[in-house]
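**Student:**
Protein chains in written order, with our numbering: chain G, 1 to 348; chain F, 349 to 754; chain S, 755 to 1046.
This is the structure we're talking about:
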């Protein structure tokens, strides 16, 4: 699988990297910037919500942290325009460090309680963004200086920044799937107590997943703030942002490499084009709800796992179908449960 | 004599030239492409209501101007798209309007929080940005020379005219104490703060000053605090829903100040009486730019056209519709004056002179902040009436405020 | 001092209204372990039904509860039957979050089509009436709402403890397998339980419509409040959610009076976070899945 997988990755990123040279229209690039942003966010969320099975609803808090970091540092000047991008790694590391104590406390709870603890965290962060006026300017919002990029290629730096961050998120995801960390996370997701019992360093791997997940999220938040040029608390720390991340991951397939990307590439263009062309009628909300429900009822595990399952079934009947059966170590919970024994063998 | 002949010849020449231009213009009109105007509004989501009122204003203007033969002979085509009250979507929409649909002109979005991101996209492409919604301090702090706010003054000055009225009273009739209850919003709280600065400078003591967050559905605890401080005047920096909630809470707590000023929400001619009860509006001050009884030239014609197109009656017309209509009027006047509607001309032309609109005569500073003043209005006999400044007042201010009806 | 006492009175009455809203949420969680994100949308739906009944027929909002309650029961049961029942039971808690969120969006969309997004309010003429008691103001609607929530909660208790249906629910909660062996149709129980939870939204909707203006998007603010109340009280514990609602109402009111309204919700969220970290089942909840 690694040969084919690598090829797929190179083709995907190669095509996207060359795309601005072929497509001149700024509106298409703009649409892609938002699509890549959500693909990156969903992939980052997947690291924690997918692989570790911790359904965080608070990621927007870290997105806002990154957004405000950029807005606070670059309110007056962005130099040649590229400075903010160089600050991003620092923002990522900073957010990851901040997240360690938070994650350590929050991940003492699980499942529903964890979801609610994290969404509470989101509301607290939003309130702080509103109330700490000396730092954030509160409800007035904070501006980022305008970069001196030429009109025709204005979107390019943002596009490549989003693309790079998506590559980072997918790179981590790819690594998770091939390493002991991924195996440990699968064990945690299947049965945390049992995983703990067999000697998996549960707290350690959970914190790694949490820190990487929110670090990437914060960096994407930084690029977003720079691209929009203005940050308000209710938009930077927005529950709907988290919902978007979760939905796209669920649509594409949790704990898969490509699932979150597929989810984002379907939903974001659909949503933005739909609102642009048909938004004037209230049908918009209804259509959104309907799509949502259909996914949950027809494809509860997401597009990618459903399709791979179908293919696998067909292959099993056909000749040479067996070899791909264990292709995905963290494909579904039932499979993952069996991982614990495998893991125990690996420990010895 | 010679001079006269010279003069006549010049006149003749001019007349010929004018006739030729007219001919050319009408010839062009026949084959000329329509003038496309793109606007993103919040038609779903939190800001959907003002969004729809703005839509009616824009569409009415387009219909009117087309009846008059269009702008420079070009029929106006308005393209309105929805931004679902989301900043990402508003950026996408202006990006699409300008680079995909290639509209000739864009107007600002209708929810004020989306103004800055949208204005930046317009600025990037050299588009003028006439916008009727976003007038907070940060909007003008962007120093965008393409932006023109279509209201009489920056939003912070919404209460300025009330402060002027209070301070115009003889010393012994002025309030001694004041309370400020304001919504944490860039377009609400600053209004009350601006009044507070002036009141304090004039020696009116602040006995209560609190900001409340947008999610507070229930404002009774805040009004209980105001009531306990028992001020002579209450200045509320409100948006809409919170204005209704404040009034309800005051009635429930049986608290009736001598003067009550509310910035927004209370200036809505239909919603406010509908939500708080028509009788309870009596004596509440607010400020505004346009209202059905406005004496501004053209207002009557606007009302008739509005009713002709949408039905209903004058009291159902939101000021937002008038503001949107005014944005169109500006464009029309620029075209009339310069014979061009390209963006560079619009930007350059609007920066000088004074322009007539439904919200008064407007002129702007370099950042797009209008230089005029709002009118102080008061609910008298179930109607919004201008009471200050005296030269335009239709009625003397009624104070102290009569007690609540219930 | 006067302001403080007035704040407490207001807080208790407001808490009562939220307790009523939260009871349905708690009931649904207690029976099905489903966090119903559509509960607030159902409340708003009920507010609109009450509004229509009042404007069309002049029916008193408190009386219209008798009509709207069965309507919401049917709606709730239908939602459960059509959308929640088919979910895979392994992942029901995560998937149901998303499904009920979609239901909330759908209800919002329908209401926006039917009524536009204008704010509405129900005004029978007495909505702002207050009694003056020892110099303090007691709002009549909120007081009745408080009484109503006590009555509703009492009714819920009776249904749960004294009827065959309640017995079936309790048996299903304790052990679905043996309940089924005893002849309980657990699918029916789930649908009826969800319906019952939704039915409580009828009364809360009427009260909410009297207290504050609403539009189709009002459910977002409400649901975050309901969730925090229900979680603080302990998911599934009706008594717990009443106490949590009172803590939210009174605490918020006092902080608004003494410190500033901008910190009211913040303080509540911090309390909630602390409680969850040290006692994940909430103040009075049974030990639940996901706890430490």
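We put the CB at the ideal spot given by N, CA and C, even for glycine.
Computed from a predicted structure; not experimentally measured.
Which term fits residue 727 (chain F), buried or exposed, when burial requires 16 or more other beta carbons within 10 angstroms of its beta carbon?
**Tutor:** Looking up residue 727 (chain F) in the second chain gives position 379. It is buried - the Cβ of residue 727 (chain F) has at least 16 other Cβ atoms within 10 Å.
**Student:** What whole-angstrom Cβ distance do residue 388 (chain F) and residue 429 (chain F) have, given they're in contact under 8 Å?
**Tutor:** By one-based count along the second chain, residue 388 (chain F) stands at place 40. By one-based count along the second chain, residue 429 (chain F) stands at place 81. Residue 388 (chain F) to residue 429 (chain F), Cβ: 5 Å. Contact.
**Student:** Provide the residue span of the beta strand (DSSP E) that contains residue 557 (chain F), from first to last.
**Tutor:** Within the second chain, the letter at position 209 stands for residue 557 (chain F). Looking at the DSSP string, the run of the beta strand (DSSP E) that includes residue 557 (chain F) is 553-560.
**Student:** On the premise that residue 682 (chain F) lies in contact with residue 498 (chain F), defined as a C-beta separation below 8 Å, what is that separation, rounded to the nearest angstrom?
**Tutor:** Taking the second chain and counting its residues from 1, one reaches residue 498 (chain F) at position 150. Taking the second chain and counting its residues from 1, one reaches residue 682 (chain F) at position 334. Actually they are not in contact, since the Cβ atoms of residue 498 (chain F) and residue 682 (chain F) sit about 13 Å apart, beyond 8 Å.
**Student:** Taking only heavy atoms of the ligand GTP into account, decide whether any of them is closer than 7 Å to the Cβ of residue 254 (chain G).
**Tutor:** Only the bare structure without any ligand can be found here, which leaves the ligand GTP out of the picture.
**Student:** Skipping 5 residues on each side, what residues in its chain have a beta carbon closer than 8 Å to that of residue 271 (chain G)?
**Tutor:** The residue given as residue 271 (chain G) occupies position 271 in the first chain. 288, listed in sequence order.
**Student:** Going along the segment 118-131 of chain G in order, which residues come within less than 9 Å of chain S, judged by CB to CB distance?
**Tutor:** Hits within the stretch, in order: 119, 120, 121, 123, 124, 127, 128, 130, 131.
**Student:** Closest by CA to residue 441 (chain F), which one among G:260, G:29, G:192, G:162?
**Tutor:** Stepping through the second chain from its first residue, residue 441 (chain F) is reached at position 93. Answer by Cα proximity: G:29.
**Student:** Find the nearest neighbour of residue 904 (chain S) within the set S:758, S:830, S:769, judged by alpha-carbon distance.
**Tutor:** Against the third chain, residue 904 (chain S) aligns to sequence position 150. That would be S:769, whose Cα lies nearest to the Cα of residue 904 (chain S).
**Student:** Assuming contact is defined by CB atoms lying nearer than 8 Å, are residue 800 (chain S) and residue 822 (chain S) in contact in what I supplied?
**Tutor:** Counted from its first residue, the third chain places residue 800 (chain S) at position 46. Counted from its first residue, the third chain places residue 822 (chain S) at position 68. Against a cut-off of 8 Å, the Cβ pair of residue 822 (chain S) and residue 800 (chain S) comes out as a contact.
**Student:** Name the chain F residues whose beta carbon is nearer than 8 Å to that of residue 73 (chain G)?
**Tutor:** To locate residue 73 (chain G), count along the first chain from 1; it is residue 73. Under the 8 Å cutoff, chain F gives no residues; its nearest Cβ is about 18 Å from residue 73 (chain G).
**Student:** Measuring CB to CB, does residue 402 (chain F) end up less than 8 Å from residue 672 (chain F)?
**Tutor:** What you label residue 402 (chain F) is simply residue 54 of the second chain in a count that begins at 1. What you label residue 672 (chain F) is simply residue 324 of the second chain in a count that begins at 1. It is a contact, given that the beta carbons lie within the stated cut-off.
**Student:** Taking just the CA atoms, how far does residue 149 (chain G) sit from residue 849 (chain S)?
**Tutor:** By one-based count along the third chain, residue 849 (chain S) stands at place 95. By one-based count along the first chain, residue 149 (chain G) stands at place 149. So the alpha carbons of these two residues sit roughly 44 Å apart.
**Student:** Quick check on residue 513 (chain F): buried or exposed, where buried means 16 or more other Cβ atoms within 10 Å of its Cβ?
**Tutor:** If you number the second chain from 1, residue 513 (chain F) lands on position 165. When all chains shown are included, residue 513 (chain F) counts as buried.
**Student:** Residue 507 (chain F): which of F:725, F:627, F:416 sits nearest, CA to CA?
**Tutor:** Taking the first residue of the second chain as position 1, residue 507 (chain F) is located at position 159. Among F:725, F:627, F:416, the Cα nearest to that of residue 507 (chain F) belongs to F:725.
**Student:** What does residue 441 (chain F) reach in chain G if we use C-beta pairs closer than 7 Å?
**Tutor:** The sequence position of residue 441 (chain F) within the second chain is 93, counting from 1. Result: 276.
**Student:** Just the C-alpha distance for residue 321 (chain G) and residue 187 (chain G), rounded to the nearest angstrom, thanks.
**Tutor:** Position 321 of the first chain, counted from the first residue, corresponds to residue 321 (chain G). Position 187 of the first chain, counted from the first residue, corresponds to residue 187 (chain G). In this prediction, residue 321 (chain G) scores a pLDDT of 39, lower than 50, which makes its location untrustworthy; the coordinate-derived value is nonetheless stated afterwards. Cα to Cα, residue 321 (chain G) sits roughly 27 Å from residue 187 (chain G).
**Student:** If you count every other CB in all the chains shown that lies within 10 Å of the CB of residue 143 (chain G), and 16 or more means buried, which is it?
**Tutor:** Your numbering for residue 143 (chain G) matches position 143 in the first chain. It is buried - the Cβ of residue 143 (chain G) has at least 16 other Cβ atoms within 10 Å.
**Student:** Within the same chain, show all residues whose beta-carbon is closer than 6 Å to that of residue 632 (chain F), passing over the 5 residues directly before and after it, in chain order.
**Tutor:** What you label residue 632 (chain F) is simply residue 284 of the second chain in a count that begins at 1. Same-chain partners within the cutoff: 608, 614, 727.
**Student:** Check for me: the alpha helix (DSSP H) holding residue 457 (chain F) runs from which residue to which?
**Tutor:** Translated into positions along the second chain, residue 457 (chain F) becomes position 109. Where residue 457 (chain F) is concerned, there is no enclosing alpha helix (DSSP H), although the beta strand (DSSP E) it sits in stretches over 453-458.
**Student:** Taking 8 Å as the cut-off, decide whether the C-beta atoms of residue 169 (chain G) and residue 236 (chain G) are in contact.
**Tutor:** Counted from its first residue, the first chain places residue 169 (chain G) at position 169. Counted from its first residue, the first chain places residue 236 (chain G) at position 236. Contact: no.
**Student:** Name the DSSP beta bridge partners of residue 718 (chain F), please?
**Tutor:** Translated into positions along the second chain, residue 718 (chain F) becomes position 370. BP columns for residue 718 (chain F) point to F:712.
**Student:** By Cβ distance, which residues of its chain are closer than 7 Å to residue 899 (chain S), with the 5 residues on each side in sequence left out?
**Tutor:** Start at 1 with the first residue of the third chain, and residue 899 (chain S) comes out as number 145. Answer for residue 899 (chain S): 770, 771, 774, 961, listed in chain order.
**Student:** Does the beta carbon of residue 78 (chain G) sit closer than 8 Å to a beta carbon anywhere in chain S?
**Tutor:** Taking the first chain and counting its residues from 1, one reaches residue 78 (chain G) at position 78. False, the Cβ-Cβ gap to chain S never drops below 8 Å.
**Student:** Could you pull the start and end residues of the beta strand (DSSP E) that residue 890 (chain S) belongs to?
**Tutor:** Translated into positions along the third chain, residue 890 (chain S) becomes position 136. Segment 890-893, the beta strand (DSSP E) holding residue 890 (chain S).
**Student:** Assuming residue 152 (chain G) is part of the beta strand (DSSP E), what are its boundary residues?
**Tutor:** Looking up residue 152 (chain G) in the first chain gives position 152. Per DSSP, residue 152 (chain G) belongs to no beta strand (DSSP E) and is neither H nor E.
**Student:** Spatial neighbours of residue 807 (chain S) within its chain, please: CB distance less than 6 Å, with the 5 preceding and 5 following residues excluded, ordered by chain position.
**Tutor:** Taking the third chain and counting its residues from 1, the one referred to as residue 807 (chain S) is at position 53. Here the set comprises 813, 818.
**Student:** Following the continuous alpha helix (DSSP H) through residue 610 (chain F), name the residue where it begins and the one where it ends.
**Tutor:** Against the second chain, residue 610 (chain F) aligns to sequence position 262. Unbroken run through residue 610 (chain F) is the beta strand (DSSP E), 607-610; no alpha helix (DSSP H).
**Student:** Please report the straight-line C-alpha distance between residue 445 (chain F) and residue 9 (chain G), rounded to a whole angstrom.
**Tutor:** Within the second chain, residue 445 (chain F) is the residue found at index 97, counting from 1. Within the first chain, residue 9 (chain G) is the residue found at index 9, counting from 1. C-alpha separation (whole angstroms): 34 Å.
**Student:** In whole angstroms, what separates the C-alpha of residue 198 (chain G) from that of residue 114 (chain G)?
**Tutor:** For the purposes of this step, residue 198 (chain G) is taken as the residue at position 198 of the first chain. For the purposes of this step, residue 114 (chain G) is taken as the residue at position 114 of the first chain. When rounded, the distance between both Cα atoms is 24 Å.
**Student:** With 8 Å as the threshold, decide whether the Cβ of residue 336 (chain G) is near any Cβ in chain S.
**Tutor:** By 1-based counting over the first chain, the position of residue 336 (chain G) is 336. A caution first: residue 336 (chain G) carries a pLDDT of 45, below 50, which makes its placement in the model too unreliable to give a value.
**Student:** Where does residue 47 (chain G) sit, in a helix, a strand or coil, going by DSSP?
**Tutor:** Within the first chain, the letter at position 47 stands for residue 47 (chain G). Residue state, collapsed to three classes: helix.
**Student:** According to the neighbour-count rule (16 or more other Cβ atoms, all chains shown, within 10 Å of its Cβ), is residue 714 (chain F) buried or exposed?
**Tutor:** As a working note, residue 714 (chain F) is residue 366 in the second chain. It counts as exposed.
**Student:** Please decide whether residue 34 (chain G) counts as near chain F, where near means a Cβ-Cβ distance under 8 Å.
**Tutor:** Counting from 1 along the first chain, the entry for residue 34 (chain G) is found at position 34. Judged by the 8 Å Cβ criterion, residue 34 (chain G) is in contact with chain F.
**Student:** Residues of the segment 1007-1021 of chain S with a CB closer than 9 Å to any CB of chain G: list them in chain order, please.
**Tutor:** Going along the segment 1007-1021 of chain S in chain order, one finds 1014, 1016, 1017, 1019, 1020 with a Cβ nearer than 9 Å to chain G.
**Student:** Mind checking the segment 449-462 of chain F against chain S and listing, in chain order, the residues whose C-beta falls within less than 7 Å of any C-beta there?
**Tutor:** So the list is empty, because no residue satisfies the distance condition.
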